[in-house]
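Student: Counting in the working numbering, the sequence shown runs from 94 upward without gaps. Using N, Cα and C, we set each Cβ at its ideal position, and we do this for glycine too. Handing you this structure, nothing more for now.
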Amino acid sequence: MRELVVLGTASQVPTRARNHNGYLLLWDGRGYLFDPGEGTQRQMTHAGVSATQVHHICLTHVHGDHCYGLPGVLSRMVLDGVTHPVHLHYPASGEEVVRALVSVATPGLDLRLRPHGAAGEVAPGLEVRPLHHRVETYGYRLVEPDSRTLLPERLAAAGLSGPDVGRLQRAGRLGGVALEDVSVPRRGQRFALVMDTAPCTGAEELADGADLLVAECTFADEDAALAHEYRHLTAGQAGALAATGGAGTLVLTHFSSRYPDLEPLREQARVTAGRAAVVLALDLDRVAMPRRRAAAR
94 MRELVVLGTA
104 SQVPTRARNH
114 NGYLLLWDGR
124 GYLFDPGEGT
134 QRQMTHAGVS
144 ATQVHHICLT
154 HVHGDHCYGL
164 PGVLSRMVLD
174 GVTHPVHLHY
184 PASGEEVVRA
194 LVSVATPGLD
204 LRLRPHGAAG
214 EVAPGLEVRP
224 LHHRVETYGY
234 RLVEPDSRTL
244 LPERLAAAGL
254 SGPDVGRLQR
264 AGRLGGVALE
274 DVSVPRRGQR
284 FALVMDTAPC
294 TGAEELADGA
304 DLLVAECTFA
314 DEDAALAHEY
324 RHLTAGQAGA
334 LAATGGAGTL
344 VLTHFSSRYP
354 DLEPLREQAR
364 VTAGRAAVVL
374 ALDLDRVAMP
384 RRRAAAR
């Protein structure tokens with residue numbers, strides 16, 4: 094199962110309808126919790142997800158609306174008896190804040206601190222890129238390795254079945270048959286999360302080829318001056334990011350409390366999003382990874 098559970102969508106301050114940030118990506122039995130703001134523990138209960146499902150916690154930066162829910166989540170993991178290691182990824186410059194937050198959590202969790210200070214892979218398949226905000230900030234991308242899809246008719250024509258298929262996959266060739274002869278390329282799925290940032294190269298690299306792109310949408314286009322001042326994206330800029338990267342689905346979130354009606358933000362993003370489907374994230378929504386494209390034969 095691969096889906097995004099939206100735990101909160103508010104920027105800076107929560108509203109009656111929007112909790113602070115929080116996004117749980119469920120990916121093949123592993124859970125990636127991004128930017129747990131205040132109230133994340135309670136939102137997880139409302140969403141029907143468990144702290145035991147979390148294996149990685151990923152902070153884009155250490156502004157409060159993106160990390161003040163961390164002690165509660167960690168304490169809940171101890172209470173629920175989580176025994177597996179939990180990896181906490183965060184910008185190295187936020188070390189003091191992160192250690193302070195961790196220090197007030199209930200002890201007893203196998204928590205492994207993983208600070209990073211440059212673009213690159215921080216865990217298998219999990220990458221970061223620097224963003225352009227008022228403090229050191231990184232976006233995250235989860236990438237499934239490319240592989241190949243076997244074509245039953247070609248296997249049958251080559252006389253391969255049963256254990257021979259597995260041998261072919263492991264060795265790449267069996268007898269006179271190469272794996273490429275009986276399969277087609279299968280592109281790995283890609284998830285990207287771009288939080289607080291002005292438009293920048295790092296955001297474009299994260300969005301490149303994303304099947305599901307979660308992007309902040311703090312301001313409407315008419316408030317572009319505010320977005321520039323505080324280094325955030327407007328709705329139109331979030332849409333343009335998806336279009337430039339060829340994203341399949343764009344999920345808008347991190348909304349300013351000045352917008353009680355979010356529909357105009359969705360419409361502004363649609364204008365610039367190209368072929369990307371545009372989804373307006375609401376608290377407790379679940380967004381499935383888009384279906385894979387059919388393999389060419």
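Does the region 347–362 come within contact of the region 313–328, defined as at least 3 CB pairs closer than 8 angstroms?
Tutor: yes
Student: Less than 9 angstroms separating the beta-carbons of G187 and G162?
Tutor: no
Student: Is the CB-CB distance between S289 and S104 below 9 angstroms?
Tutor: Note on identity: in this sequence residue 289 is Asp, with Ser being the wrong assignment. In this structure, S104 lies closer than 9 angstroms to D289 by Cβ.
Student: In whole angstroms, give me the CA-to-CA distance for V270 and V98.
Tutor: 43 angstroms
Student: According to DSSP, is V221 part of a helix, a strand, or is it coil?
Tutor: strand
Student: Taking all protein chains shown into account, do 16 or more other C-beta atoms lie within 10 angstroms of the C-beta of G252, making it buried, or fewer, making it exposed?
Tutor: Under this definition G252 is an exposed residue.
Student: Which runs of the beta strand (DSSP E), 3 residues or longer, sit entirely within the region 316–387?
Tutor: 342–346, 370–373, 379–381
Student: Tell me which residue opens and which closes the alpha helix (DSSP H) that T242 is part of.
Tutor: For T242, no alpha helix (DSSP H) encloses it; the enclosing beta strand (DSSP E) starts and ends at 240–243.
Student: Relative to the C-alpha of V106, which residue among L118, D158, G124 is closest?
Tutor: D158
Student: Going by beta carbon distance, what residues of the same chain come within less than 7 angstroms of R390, once the five residues before and after it are set aside?
Tutor: In this predicted model, R390 has a pLDDT of only 48, less than 50, meaning its place in the structure is not dependable; the value taken from the coordinates is given anyway. Closer than 7 angstroms at the Cβ level, and outside the excluded window around R390, lie L244, V277.
Student: So, with DSSP's three-state summary, where would you put P256?
Tutor: helix
Student: DSSP puts Y183 in a beta bridge; with which residues?
Tutor: P208
Student: List the endpoints of the continuous alpha helix (DSSP H) containing L194.
Tutor: 188–196
Student: Taking just the CA atoms, how far does R384 sit from R279?
Tutor: Between R279 and R384, the C-alpha separation is close to 13 angstroms.
Student: Please list the terminal residues of the continuous alpha helix (DSSP H) segment that includes S168.
Tutor: Looking at the DSSP string, the run of the alpha helix (DSSP H) that includes S168 is 163–172.
Student: What's the call for G399, buried or exposed, on a 16-neighbour Cβ count within 10 Å?
Tutor: The first residue shown for the chain is 94 and the last is 390, placing residue 399 beyond what the model contains.
Student: Out of G259, A144, R379, L319, point me to the one whose CA is closest to V344's CA.
Tutor: R379
Student: For L152, which option in C293, V215, G268 has the closest C-alpha, if you only look at C-alpha atoms?
Tutor: Ranking the options by Cα distance to L152, first place goes to V215.
Student: Nearest by alpha-carbon distance to H347: which of L286, A211, V190 is it?
Tutor: L286
Student: In terms of alpha-carbon separation, which member of W120, R111, R205, M137 lies closest to L305?
Tutor: W120
Student: Quick one: is T294 buried, meaning 16 or more other Cβ sit within 10 Å of its Cβ, or exposed?
Tutor: exposed
Student: When the Cα of P164 is compared with those of G341, G339, L194, which residue comes out closest?
Tutor: L194
Student: Do you know whose CA, among Y183, T176, Q146, lies nearest H156's CA?
Tutor: Y183
Student: According to DSSP, which residues form a beta bridge with H154?
Tutor: Bridge partners of H154: none, in fact.
Student: Where R368 and T199 are concerned, what is the direct C-alpha to C-alpha distance, given to the nearest angstrom?
Tutor: 46 angstroms
Student: With respect to the beta strand (DSSP E) encompassing A285, which residues constitute its N-terminal and C-terminal limits?
Tutor: 283–287
Student: Alpha carbon to alpha carbon, how far is P292 from T108? Give it in angstroms, no decimals.
Tutor: 26 angstroms
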